[in-house]
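Asks: In order, the protein sequences belong to chains A and B.
Reminder that position 177 of the first sequence reads as 177 in our numbering, one-by-one numbering, no gaps.
Count along the second sequence from 1, add 1000, and you get the number used in our numbering.
Virtual Cβ for every residue (Gly too), placed ideally from N, Cα, C.
Computed from a predicted model, the values in this text were never measured in an experiment.
Protein chains: 2
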Amino acid sequence: MAVTISDVAKLAGVNSSTVSRVINGKASITQETKDRVYTAMKELDFHPNSLARSLASGLCGAIGVVVDARDAEAFSNFFFSRSLFAIEQVAQEKGYQVIIANGAQSKGRTIENLMKERKVDGLILPPTTVNPSLMETIGDFPYVVLGTPDTLRGATCWVDNNNEQGSDLAVHHLQEQGYQHIAYLGGNQKRGFTIRRVRGYKKAITGGELVIPTDGTTENAYSALLEILEKKDRPDAFVCNDNMAAFGLLKACRKLKIQIPSEMGIVAFDNYPLAEYTDPPLTIVDIDTGMLGDQTAQLLFRRIDKRCGNQQIMLSTNLIVRESSERLAK
Amino acid sequence: MAVTISDVAKLAGVNSSTVSRVINGKASITQETKDRVYTAMKELDFHPNSLARSLASGLCGAIGVVVDARDAEAFSNFFFSRSLFAIEQVAQEKGYQVIIANGAQSKGRTIENLMKERKVDGLILPPTTVNPSLMETIGDFPYVVLGTPDTLRGATCWVDNNNEQGSDLAVHHLQEQGYQHIAYLGGNQKRGFTIRRVRGYKKAITGGELVIPTDGTTENAYSALLEILEKKDRPDAFVCNDNMAAFGLLKACRKLKIQIPSEMGIVAFDNYPLAEYTDPPLTIVDIDTGMLGDQTAQLLFRRIDKRCGNQQIMLSTNLIVRESSERLAK
DNA sequence: AGAAATCGTGCAATCGCTTGCATAACTGAT
DNA sequence: ATCAGTTATGCAAGCGATTGCACGATTTCT
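1. Judging by CA-CA distance, which residue of B:Ala1009, B:Leu1055, B:Thr1128 and B:Phe1269 is the nearest neighbour of Pro48 of chain A?
2. Give the secondary structure of Cys157 of chain A by DSSP, where H, G and I count as helix, E and B as strand, and everything else as coil.
3. Would His1376 of chain B be called buried (16 or more neighbouring beta carbons within 10 Å of its own) or exposed?
4. For the region 121-149 of chain A, which residues have a CB atom closer than 7 Å to at least one CB atom of chain B, in sequence order?
5. Could one say the Cβ of Phe226 of chain A lies closer than 8 Å to chain B's Cβ atoms, at least one of them?
6. Is there a Cβ of chain A sitting closer than 8 Å to that of Ile1284 of chain B, yes or no?
7. Among B:Val1090, B:Gln1105 and B:Gln1165, which has the Cα closest to the Cα of Arg1314 of chain B?
8. According to the neighbour-count rule (16 or more other Cβ atoms, all chains shown, within 10 Å of its Cβ), is Gly1058 of chain B buried or exposed?
9. Looking at C-alpha atoms only, which residue of B:Ser1133, B:Asn1131 and B:Thr1110 is the closest neighbour of Leu1123 of chain B?
10. Using the DSSP secondary-structure output, state which residues sit across from Met1314 of chain B in a beta bridge.
11. Select from A:Asp45, A:Ser325 and A:Lys42 the residue whose C-alpha is nearest the C-alpha of Glu263 of chain A.
12. Would you say Arg118 of chain A lies against chain B (beta-carbon separation less than 8 Å)?
13. Give me the chain B residues within the contact set of Gly187 of chain A, using Cβ-Cβ distance strictly less than 7 Å, ordered along the chain.
14. Please name the residue or residues paired with Gln977 of chain B in a DSSP beta bridge.
15. Using three-state DSSP, classify Ile258 of chain A as helix, strand or coil.
16. Using DSSP bridges, identify the partner residues of Gly1122 of chain B.
17. Would Leu1210 of chain B and Pro1235 of chain B be called neighbours here (beta carbons separated by less than 8 Å)?
18. Tell me the rounded alpha-carbon separation between Ala52 of chain A and Glu93 of chain A.
19. Starting from Thr137 of chain A, follow the alpha helix (DSSP H) in both directions and report where the run begins and ends.
20. Is the region 133-140 of chain A in contact with the region 219-238 of chain A, if contact means three or more CB pairs nearer than 8 Å?
21. Interface residues of chain B around Tyr277 of chain A at Cβ under 7 Å?
22. Here's the rule I'm using: 16 or more other beta-carbon atoms within 10 Å means buried, otherwise exposed. How should Glu1176 of chain B be labelled?
23. Cutting at 8 Å between CB atoms, please list the residues of its own chain near Ile1266 of chain B, excluding the five before and the five after it.
24. Is the beta carbon of Leu315 of chain A within less than 7 Å of some heavy atom of the ligand MG?
25. Roughly how many whole angstroms lie between the Cα atoms of Arg302 of chain A and Gln89 of chain A?
26. Closer than 8 Å, CB to CB, is Asn1241 of chain B near chain A or not?
27. Kindly indicate which residue of A:Leu185, A:Ala91, A:Ile195 and A:Ile99 has the alpha-carbon position closest to the one of Ile228 of chain A.
28. List the residues of chain B that Ile100 of chain A touches, going by C-beta distances under 9 Å, in chain order.
29. Could you pull the start and end residues of the alpha helix (DSSP H) that Tyr1222 of chain B belongs to?
30. Would you mind working out which of B:Thr1218, B:Asn1024, B:Ala1012 and B:Tyr1179 sits nearest Thr1206 of chain B, comparing C-alpha positions?
31. With 16 as the cutoff for other CB atoms within 10 Å, does Lys1026 of chain B come out buried or exposed?
32. DSSP three-state call for Leu152 of chain A: helix, strand or coil?
33. By Cβ distance below 8 Å, which residues in the same chain neighbour Gly192 of chain A in space, the five residues on each side in sequence not counted?
As structure tokens, this is what we get:
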């Protein structure tokens, strides 16, 4: 059927083990033999069967990226897909394949199968899947969590951006711009990253704090804001948990004729493609998703290669200042 | 090391081939034997080694999704990532894994390796990779192109949304709303889908046509529009090739104090998450990315299973009417 | 009741590659 | 020239499943 290693061996007049050694370059082979083998490989258009290789060598040459998405929206959230790009790049450099799997329906099972059926050499997991029972089944199998797990923070291996620091950045920037009553808008207060962002906000704030949760939709943020913004002592600035919230805020300000940035300052998390095209453009706490994916993958490969222990990596966020928060002349 | 099929066989007091048959359910086995085998499997926590299975059976249990992305942006474009969600779902139902691979650096190579090294049983390809030489190396290997190839349209297997029909929908809607001078904004006029959208626009339009290409950025659309919109005989409506273009248009209208939708109608392709939150909300030609991914994957599996021939599937788009184009009372 | 067909299971070859061990050829030191 | 130490390659045993063939035990048919 397909060309096998022994076809090549025959043509090159050597043993198949020699061909194998040439391919894997891990033994001393005469240059002349190598040449003969290479020529034969070219001639027969030989491609080693990766399944056989993996079976024999015990390495499958793939890593798994588990997502936890109930709908296309969550799956395509740009945070995930951008990191994925970086992960794929690192994997490609290492000659590894990337398998994506949605674990939404059966978390444990998906992960367990990927490991135990030897489909991957390592896993990148979403923080939502982390729990003691999973950690037990995972044992010393190489994995890295992309995000901070809610539990077992110190006993797991993860890479995340520093959400507290992000809020800190946002608050200080707003303070420097002279805003007085800075509130926090949006987010499911049960999600770890929201909790950390809010914590960062509370630590950085001086004076009264105000947190307005939303269900993640623009609509919800908008309607929640309308009453609040009509009060006398309304906040004069918001840190928004995400772009949706910021959009709701923009809409509410438009409706109430509140001027941005003179009467209202806005900083939002996540640099969505359209965030710089709103009116006015949004100041953003930017998460370097490329770096995040890159570091995660790198760490995973370190663990695959050297079986090294748990490690936690925290990446800083950056502030991209745009009009929505810039009321002082530069 | 790991639990193998013969460990199970031993414990159940049968031959390993029997265990194999029980697992694959493709031979008559006494209920009693089955029970013994299942019990043994449970007890040992047996997971069949997928590599060995694949090697022996000749099926690898994975499909490959090739992307053609130079940067994270292209990779995370929501069109791709949403379809991916649907593809993964179909694959999961079939017990298949999804491998993603970026072919941007070495198109041919990526695809060829995936096939010839037996990493996947089938491929989903981006239209940009289609060319005669690829088709030759791909032979009768199962694949489906997600999008319409620029060449070999009739000789390949693809699934796409009907871009011409989308433009038609947009133009007719604008005409019904009483807009007279409908122009087309945006897009790289070399990309197949843009060409088709423009073609649909030209066919549907009555009277003078005007196409304003952009480089895909909001900025570019904005600046290109400024001069055009200041003319007397400016268009009173636009079909936008994408959301970026629409944003540029919104910005230009804001700047020139052109009222939407009374003085200007807007319809844009692609239902970005934020499209309904602009001011005013955008009327959209919506591509059902879920359906697209689903159909693509289904077709691929049909080809994997039955080796059926090429097929072309064209899916209709839908119009989501919002304020940006609705100037007649309902 | 005897022949034929069917059922349930075991045996062993096979998938295509890797790798430890063995060996022959060559190198260089004494 | 001898012996130890390399170097280059072959041999064959896996890796962990699947599957065609064989064969005894049942069931079905006439």
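Replies: The short version:
1. B:Leu1055
2. coil
3. This structure cannot speak to residue 1376 of chain B, because chain B is shown only from 1001 to 1330.
4. none
5. For the record, residue 226 of chain A in the displayed sequence is Leu; it is not Phe. By this cut-off, Leu226 of chain A is not an interface position.
6. no
7. The residue you asked about is not Arg; residue 1314 of chain B is Met in the sequence shown. When each option's Cα is compared against that of Met1314 of chain B, the closest is B:Gln1165.
8. exposed
9. B:Thr1110
10. B:Asp1160
11. A:Ser325
12. yes
13. Within chain B, no residue comes near Gly187 of chain A; the closest Cβ sits about 16 Å away, beyond 7 Å.
14. Limits of chain B in this structure are 1001 at one end and 1330 at the other, which puts residue 977 of chain B out of reach.
15. coil
16. B:Ile1063
17. yes
18. 22 Å
19. Pro132 to Ile138
20. no
21. Thr1218, Phe1247 and Lys1251
22. exposed
23. Ala1237, Phe1238, Cys1240, Ala1246, Leu1249, Leu1250, Ile1260, Leu1282, Thr1283, Ser1324 and Ser1325
24. The ligand MG is absent from the structure shown, which contains no ligands of any kind.
25. 16 Å
26. no
27. A:Leu185
28. Val1065, Leu1084, Glu1088, Gln1097, Val1098, Ile1099 and Ile1100
29. Thr1218 to Glu1230
30. B:Tyr1179
31. exposed
32. coil
33. Pro127, Gly147, Thr148, Pro149 and Asp150
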